[in-house]
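Residue numbers (our numbering): 1 to 269.
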């Protein structure tokens, strides 16, 4: 059965919503690859999660224990992306729950993140902590360094953060691992780092980037889980909405071209 150009155009208009829906729902077949990123600028994030947004910041000068966090909680990025955060609980009853603090000079809490950063911290054993004079050796206070996972409500192209372990002058291996929404391993990378109290933004950045939006969960951990793990703001490469807009626009453009041509071509062409 032969179709005229006019008939083909009418069919394309009739089934445009169905075809557009199929393009949106069914992902294009792409072989994914993941890459390790060690600089925030190189990640190229278009969204961010700042822990200050939770509205619960611990002040060491006026402790308010009501701002402590549960081991599992939710957050929202600046762009509206929902995330679930899970910090593995510790077996040590002396260690506090997780909390957020702003790293600042004394009487604030010093780290090797940038001054003023808001830090998500796994928790610490306050019974082993006491203020020390400058130059004193690190007391190596125990803390919760269990794996910290971030799950994204919608898969992303990539994400990363700076990470530090609450122990000075000890080289520690830190890890980042990515999974898709079926819990398949996408990639795992690590870097060596040494924490300090210098407030110099030297905390190592760990990020993973993919060439397709398939990252649903990131897990951060270290080779010294007996010391607390800390991260600052999380940079995210979120998927722009609506998905596959360019493909749908291209289809619409082809329909417009067919309409223009059918005005000049004979109907029995």
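Positions of the beta carbon are idealized from the N, C-alpha and C atoms, including for glycine.
Practice problem: Provide the residue span of the alpha helix (DSSP H) that contains residue 203, from first to last. | Solution: In the DSSP assignment, residue 203 falls outside any alpha helix (DSSP H) and carries neither an H nor an E.
Quiz item: Would you report the Cα separation of residue 226 and residue 165, rounded to the nearest angstrom?
Solution: Cα-Cα distance, rounded: 10 angstroms.
Quiz item: Which partner residues of residue 42 appear in the DSSP bridge assignment?
Solution: DSSP output for residue 42 lists no bridge partner at all.
Practice problem: Flag residue 153 as yes when its Cβ comes closer than 7 angstroms to any non-hydrogen atom of the ligand ATP, and as no otherwise. | Solution: The ligand ATP is not part of the structure shown, which contains no ligands of any sort.
Exercise. Measure the alpha-carbon distance for residue 207 versus residue 94 and round it to whole angstroms.
Key: About 32 angstroms.
Quiz item: What is the DSSP secondary structure of residue 28, reduced to helix, strand or coil?
Solution: Because the pLDDT at residue 28 is just 47, under 50, the model does not fix this residue reliably, and the value given afterwards should be weighed accordingly. In the displayed model, residue 28 falls within coil according to three-state DSSP, outside both helix and strand.
Practice problem: Return yes when the Cβ of residue 238 is within less than 8 angstroms of the Cβ of residue 156, no when it is not. | Solution: Yes, these two residues count as a Cβ contact at 8 angstroms.
Self-check item: Per DSSP, the bridge partner or partners of residue 102
Solution: The partner list for residue 102 (beta bridge, DSSP) reads 118.
Self-check item: Contact check, residue 113 vs residue 100, beta carbons under 8 angstroms
Solution: Contact flag unset, no.
Quiz item: So, residue 43 versus residue 75, is the Cβ gap smaller than 8 angstroms?
Solution: 8 angstroms or more divides the Cβ of residue 43 from the Cβ of residue 75.
Quiz item: By the 10 Å Cβ neighbour count, where 16 or more other Cβ atoms means buried, how is residue 107 classified, buried or exposed?
Solution: Its Cβ having fewer than 16 others within 10 Å, residue 107 is exposed.
Practice problem: My understanding is that residue 178 touches residue 218, with C-beta atoms under 8 angstroms, so please give their C-beta distance in whole angstroms. | Solution: Their Cβ separation, rounded to whole angstroms, is 6 angstroms, which keeps residue 178 and residue 218 in contact under 8 angstroms.
Quiz prompt | Per DSSP, the bridge partner or partners of residue 86 | solution = Residue pairing by DSSP places residue 86 opposite 72 and 149 in a beta bridge.
Exercise. Report yes if the CB atom of residue 89 is closer than 8 angstroms to the CB atom of residue 145, and no otherwise.
Key: In this structure, residue 145 does not lie closer than 8 angstroms to residue 89 by Cβ.
Self-check item: For residue 191, the residue or residues it bridges with in DSSP
Solution: In the DSSP assignment, residue 191 is bridged to 174.
Quiz prompt | Three-state secondary structure assigned by DSSP to residue 67 | solution = In this structure, DSSP gives residue 67 a helical state, which the three-state scheme calls helix.
Self-check item: Residues near residue 127 in its chain [Cβ-Cβ closer than 8 angstroms; skip 5 each side]
Solution: So the qualifying residues of the chain are 94.
Quiz item: What residue does the beta strand (DSSP E) around residue 164 start on, and which one ends it?
Solution: For residue 164, the enclosing beta strand (DSSP E) begins and ends at 158–165.
Exercise. Please confirm whether residue 204 and residue 142 have their CB atoms less than 8 angstroms apart.
Key: No, Cβ-Cβ distance for residue 204 and residue 142 is not below 8 angstroms.
Quiz prompt | Proximal residues to residue 30 (C-beta, below 6 angstroms), its chain only, five neighbours per side dropped | solution = Because residue 30 carries a pLDDT of 49, less than 50, the predicted location of this residue cannot be relied on, and the following value inherits that uncertainty. The answer, listed in chain order, is 212.
Self-check item: Close Cβ partners of residue 28 (< 7 angstroms) along its chain, the five nearest in sequence each way excluded
Solution: The predicted model places residue 28 with a pLDDT of 47, which falls under 50 and marks its position as unreliable; any figure quoted below should be read in that light. Counting only Cβ-Cβ distances below 7 angstroms, and skipping sequence neighbours, we find nothing.
Exercise. Can you give me the Cβ contacts of residue 153 inside the same chain, cut-off strictly under 6 angstroms, excluding the 5 residues immediately before and after it?
Key: Taken in chain order, the residues that qualify are 82.
Quiz item: DSSP three-state call for residue 54: helix, strand or coil?
Solution: Residue state, collapsed to three classes: helix.
Self-check item: Backbone secondary structure at residue 155 - three-state DSSP
Solution: Looking at residue 155 - three-state DSSP - the assignment turns out to be strand.
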